[in-house]
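For the record, the sequence lines run as chains A and B.
Per our numbering, the very first residue in the first sequence carries number 135; after that it's consecutive.
Per our numbering, the very first residue in the second sequence carries number 135; after that it's consecutive.
Here the structure is laid out as structure tokens; the discussion comes afterwards.
2 protein chains.
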Amino acid sequence: MTVTIKDVAKKAGVSPSTVSRVLSGHPRISLETSRKVKVIMEEMGYTPNMMAKSLVSKTTNSICIILPKPAEELFSNLFFMELIRGIVTQASRSGYDVLISSGANEKEELEAVSRLLKGRRVDGAILLYSRKDDAVIEFLENNSYPFVLVGRSDRYENILSVDNDNVMAAFDATNHLISMGHERIGFVSGPPELIVSRDRLEGYRKAMQSSGLQTQPEWIVEGEFLQESGYRAMSFFMNLPNRPTALVAVDDMVSFGVLRGLNELKYKVPEDLAIVSFNNIPLSELSSPPISSIDIGIYHLGYTASQVLIQSIQKPDNNTGYTNRFVIPHRLIIRESSMRGPGKE
Amino acid sequence: MTVTIKDVAKKAGVSPSTVSRVLSGHPRISLETSRKVKVIMEEMGYTPNMMAKSLVSKTTNSICIILPKPAEELFSNLFFMELIRGIVTQASRSGYDVLISSGANEKEELEAVSRLLKGRRVDGAILLYSRKDDAVIEFLENNSYPFVLVGRSDRYENILSVDNDNVMAAFDATNHLISMGHERIGFVSGPPELIVSRDRLEGYRKAMQSSGLQTQPEWIVEGEFLQESGYRAMSFFMNLPNRPTALVAVDDMVSFGVLRGLNELKYKVPEDLAIVSFNNIPLSELSSPPISSIDIGIYHLGYTASQVLIQSIQKPDNNTGYTNRFVIPHRLIIRESSMRGPGKE
DNA sequence: CTTTGTGAAGCAAACGGTTCCATAAGGAGG
DNA sequence: CCTCCTTATGGAACCGTTTGCTTCACAAAG
Numbered sequence: 135m136t137v138t139i140k141d142v143a144k145k146a147g148v149s150p151s152t153v154s155r156v157l158s159g160h161p162r163i164s165l166e167t168s169r170k171v172k173v174i175m176e177e178m179g180y181t182p183n184m185m186a187k188s189l190v191s192k193t194t195n196s197i198c199i200i201l202p203k204p205a206e207e208l209f210s211n212l213f214f215m216e217l218i219r220g221i222v223t224q225a226s227r228s229g230y231d232v233l234i235s236s237g238a239n240e241k242e243e244l245e246a247v248s249r250l251l252k253g254r255r256v257d258g259a260i261l262l263y264s265r266k267d268d269a270v271i272e273f274l275e276n277n278s279y280p281f282v283l284v285g286r287s288d289r290y291e292n293i294l295s296v297d298n299d300n301v302m303a304a305f306d307a308t309n310h311l312i313s314m315g316h317e318r319i320g321f322v323s324g325p326p327e328l329i330v331s332r333d334r335l336e337g338y339r340k341a342m343q344s345s346g347l348q349t350q351p352e353w354i355v356e357g358e359f360l361q362e363s364g365y366r367a368m369s370f371f372m373n374l375p376n377r378p379t380a381l382v383a384v385d386d387m388v389s390f391g392v393l394r395g396l397n398e399l400k401y402k403v404p405e406d407l408a409i410v411s412f413n414n415i416p417l418s419e420l421s422s423p424p425i426s427s428i429d430i431g432i433y434h435l436g437y438t439a440s441q442v443l444i445q446s447i448q449k450p451d452n453n454t455g456y457t458n459r460f461v462i463p464h465r466l467i468i469r470e471s472s473m474r475g476p477g478k479e
Numbered sequence: 135m136t137v138t139i140k141d142v143a144k145k146a147g148v149s150p151s152t153v154s155r156v157l158s159g160h161p162r163i164s165l166e167t168s169r170k171v172k173v174i175m176e177e178m179g180y181t182p183n184m185m186a187k188s189l190v191s192k193t194t195n196s197i198c199i200i201l202p203k204p205a206e207e208l209f210s211n212l213f214f215m216e217l218i219r220g221i222v223t224q225a226s227r228s229g230y231d232v233l234i235s236s237g238a239n240e241k242e243e244l245e246a247v248s249r250l251l252k253g254r255r256v257d258g259a260i261l262l263y264s265r266k267d268d269a270v271i272e273f274l275e276n277n278s279y280p281f282v283l284v285g286r287s288d289r290y291e292n293i294l295s296v297d298n299d300n301v302m303a304a305f306d307a308t309n310h311l312i313s314m315g316h317e318r319i320g321f322v323s324g325p326p327e328l329i330v331s332r333d334r335l336e337g338y339r340k341a342m343q344s345s346g347l348q349t350q351p352e353w354i355v356e357g358e359f360l361q362e363s364g365y366r367a368m369s370f371f372m373n374l375p376n377r378p379t380a381l382v383a384v385d386d387m388v389s390f391g392v393l394r395g396l397n398e399l400k401y402k403v404p405e406d407l408a409i410v411s412f413n414n415i416p417l418s419e420l421s422s423p424p425i426s427s428i429d430i431g432i433y434h435l436g437y438t439a440s441q442v443l444i445q446s447i448q449k450p451d452n453n454t455g456y457t458n459r460f461v462i463p464h465r466l467i468i469r470e471s472s473m474r475g476p477g478k479e
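What follows is the structure, encoded as structure tokens:
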């Protein structure tokens, strides 16, 4: 059925090896043969069999994305979409295919990774949002498979990773509120086992401190990257004796929850509570009022991750141990939700 | 390096074929050998090489998703994320991997599909949002590769597809507004080359007609699946001499645009204009006011597409020509944006 | 005791490429 | 005119599996 390299060879009156060489642009092939073979390939509609190619070359020209289980559970999925978009775009430019995989739990995830990497179905992996210690990372490292982490791990030092400077980002976000005149600023954090939560919290603390502002322990609440957390945090804050006039939320979804709550209670944003959050997902400018957010360059994050991974696949000698952490710049997008100071009490 | 079937065979003192048969659960292998081999596989950490397997079996256990170019351009991406989520979940349950691919234009797309299918990297494809006539569909059909279309094509009859009954959905949406007492109802459509636009428009027309309501030509405007279209449509409608009191929008993103516009002009929703749209993306309930929307079961759409595709890969004899169109049920989610009739003029 | 049937395992040929090594032709240098 | 490169190509082994056909041993049947 399918036309193979041998069929082409036969029709062209050359050997299979010659055809193969034409295909790969081997230098010692006469122009004449090359042309002839190419014409015949075109005529017969030849397409190389990737499986056969991979078998001998031990290379697949594809990478995989390992989604953490929360992705299955909807999570803040715009984030992932953007990331995937960046990855797929870059990979495709480098001639790589992208395979999406996920597992219901860490064990399943590990199985999937092992099957894909050891089974030589992909050449490398991109991991999203790692936990503190991670069997998957462990596995990949021990077998020295190429991989890059989107996010940061404080446990593993020398692994490739692409991330933002979340401490600095939170510092900037908080400083913005301070510069608008706010002094009582709350913080809604994410799950403490995620490093991103801790980094952002740290940045908030630093900003407060460096401006000589007190931060009350009750102004910091923990939650998830979900609306509910924002809703809950909001009602907690608003009942405080001297409640904050502004807050920094670890994720835009949290802000939406806060917004919904404030709306129900007829509070005004930013008059009664100013808000800044992170990620700048497309919704941020759609809410009313639009939310100020730190744009962390999600697409860029994915794009870079793919680039770094593919580079490391193609020349694995990059063990300088130097530039293995790539930091994507962030920027603050100021919108209505933080456009006013605490003023009118 | 990697441990192959031969290594296992040698260590177990059997032939490679025996190991292979143990792996595939061949009936004529003694329990004893089977156990022995399995232990050794475990010991040596054997993982089958998928490439070799695929080469001989001519099967890859993976499928691909072909994203239309607009996906690269952000589009209403929550839609795609949900769809992908459904596809990946189902595929993974069936033991299939999913490959994401896209091209900048139709030609590139075709190249990608050809490379993947003819190159035997995947066993089948899922196409999203097809244009009216499509070189990709043409190609897949001519080569009788398994594929399923998410959406509908009126040109190709016998292809597998998963879709909603968009005519009925629009009928329901419109009827809901009518039942709230609205009589002047506008419609914001999508690009006319997308079948989904036309179907929804048709449903709207039918509903109006079946209630004996007049539909003014100027109440129907064309746009894209984007906010801007909504914004523009809004300002057009609101300047009409006897403007509509309600409107149906072809996509939630359009509603957001409308909402933003109305907000700027200090109009109230639903008092001044009631709104219903389609897709029920997660944002719909986050806007203020929350938007009534037809939930078309995006996740389910993806899940089913994957299921249907894999089924057709595994037994391609399903040429009954009967059940090749799968319709996913929709349901109307009523929210604040359509909770009041035209009443107070 | 020889023939036939059956279950368990091995041999070797594929699958569609790549690549090392060998070879033939032709031209340059001695 | 013979030797030695160089260049363009062919031959064959190999990548890691699967699978049809054999083979072998042994028990049942004639």
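Idealized CB from N, CA, C, for every residue including glycine.
{"Query": "Glycine 159 (chain B) burial status per 10 Å Cβ neighbour count (16 or more: buried)", "Result": "exposed"}
{"Query": "Chain-ordered neighbours of serine 235 (chain B) on chain A, where CB pairs are closer than 9 angstroms", "Result": "Val222, Ser226, Asp231 and Val232"}
{"Query": "Serine 422 (chain A) to serine 471 (chain A) span [Cα, whole Å]", "Result": "9 angstroms"}
{"Query": "Alpha-carbon spacing of isoleucine 199 (chain A) relative to isoleucine 430 (chain A), whole angstroms", "Result": "20 angstroms"}
{"Query": "Ranges of the alpha helix (DSSP H) found wholly within the region 305-374 of chain B, counting only runs of at least 4", "Result": "329-344 and 361-372"}
{"Query": "Cα-Cα separation between isoleucine 447 (chain B) and leucine 435 (chain B), rounded to whole angstroms", "Result": "18 angstroms"}
{"Query": "Cβ shell of serine 389 (chain B) (< 7 angstroms), same chain only, five flanking positions each side left out", "Result": "Gly364, Ala383, Ile409, Ser411 and Ile425"}
{"Query": "Distance CB(valine 355 (chain A))-CB(serine 331 (chain A)) smaller than 8 angstroms", "Result": "no"}
{"Query": "Contact check, leucine 396 (chain A) vs aspartate 406 (chain A), beta carbons under 8 angstroms", "Result": "yes"}
{"Query": "Reduced DSSP category for arginine 162 (chain A) - H, G, I as helix; E, B as strand; rest coil", "Result": "coil"}
{"Query": "Length of the line joining the Cα atoms of isoleucine 260 (chain A) and tyrosine 437 (chain B)", "Result": "24 angstroms"}
{"Query": "Test: glycine 253 (chain A) CB closer than 8 angstroms to a CB of chain B", "Result": "yes"}
{"Query": "Expected contact under 8 angstroms - CB spacing of phenylalanine 370 (chain B) and leucine 381 (chain B) to nearest Å", "Result": "Rounded, the Cβ-Cβ distance is 11 angstroms, inconsistent with contact."}
{"Query": "Contacts around valine 442 (chain A), its chain only, beta-carbon distance under 7 angstroms, and the 5 residues preceding and following it disregarded", "Result": "Val282, Leu294, Val296 and Phe460"}
{"Query": "Residue from B:Leu417, B:Leu262 and B:Leu233 with nearest C-alpha to leucine 250 (chain B)", "Result": "B:Leu233"}
{"Query": "Alpha-carbon to alpha-carbon, alanine 143 (chain A) and arginine 162 (chain A)", "Result": "17 angstroms"}
{"Query": "Simplified DSSP state of serine 446 (chain B), which is helix, strand or coil", "Result": "helix"}
{"Query": "Separation of serine 278 (chain B) from isoleucine 444 (chain B), as counted between CA atoms", "Result": "15 angstroms"}
{"Query": "Cβ shell of proline 150 (chain A) (< 7 angstroms), same chain only, five flanking positions each side left out", "Result": "Ile139, Lys140 and Ala143"}
{"Query": "DSSP three-state assignment for valine 148 (chain A), whether helix, strand or coil", "Result": "coil"}
{"Query": "Contact check, valine 148 (chain A) vs valine 171 (chain A), beta carbons under 8 angstroms", "Result": "yes"}
{"Query": "Cut-off 6 angstroms between Cβ atoms - residues of its own chain near tyrosine 401 (chain B), not counting five sequence neighbours on either side", "Result": "none"}
{"Query": "Exposed unless 16 or more other CB atoms sit within 10 angstroms - verdict on aspartate 288 (chain B)", "Result": "exposed"}
{"Query": "Test item: CB-CB of isoleucine 197 (chain B) and aspartate 257 (chain B) under 8 angstroms", "Result": "yes"}
{"Query": "Bridge partner(s) assigned by DSSP for asparagine 298 (chain B)", "Result": "B:Ile462"}
{"Query": "Residues bridged to lysine 253 (chain A) (per DSSP)", "Result": "It should be pointed out that residue 253 (chain A) corresponds to glycine in this sequence rather than to lysine. The partner list for glycine 253 (chain A) (beta bridge, DSSP) is empty, contrary to what the question assumes."}
{"Query": "C-beta contact flag for tyrosine 230 (chain A) and asparagine 195 (chain A) at 8 angstroms", "Result": "yes"}
{"Query": "6 angstroms CB neighbourhood of leucine 399 (chain B) in its chain, flanking five on each side removed", "Result": "none"}
{"Query": "Interface flag, methionine 178 (chain A) vs chain B, CB-CB below 8 angstroms", "Result": "no"}
{"Query": "Inter-residue spacing [alpha-carbon to alpha-carbon] between glycine 179 (chain B) and valine 137 (chain B)", "Result": "7 angstroms"}
{"Query": "Minimum Cβ-Cβ distance from serine 422 (chain B) to chain A less than 8 angstroms", "Result": "yes"}
{"Query": "Distance, arginine 465 (chain B) Cα to leucine 417 (chain B) Cα", "Result": "17 angstroms"}
{"Query": "Assigned exposure category for lysine 192 (chain B) - 16 Cβ within 10 Å defines buried", "Result": "exposed"}
{"Query": "Chain A within 8 angstroms of glutamate 479 (chain B), Cβ atoms only", "Result": "Residue confidence for glutamate 479 (chain B) is low, a pLDDT of 45 falling below 50, so the modelled location carries little weight; the figure read from the coordinates is stated next. No, glutamate 479 (chain B) does not count as interfacial toward chain A."}
{"Query": "Sequence-distant residues of its chain with Cβ nearer than 8 angstroms to leucine 201 (chain B) (five each side left out)", "Result": "Phe214, Ile234, Ser235, Ser236 and Leu262"}
{"Query": "Close beta carbons around phenylalanine 321 (chain A), own chain, < 6 angstroms, minus the five adjacent residues each side", "Result": "Tyr338, Ile354 and Val382"}
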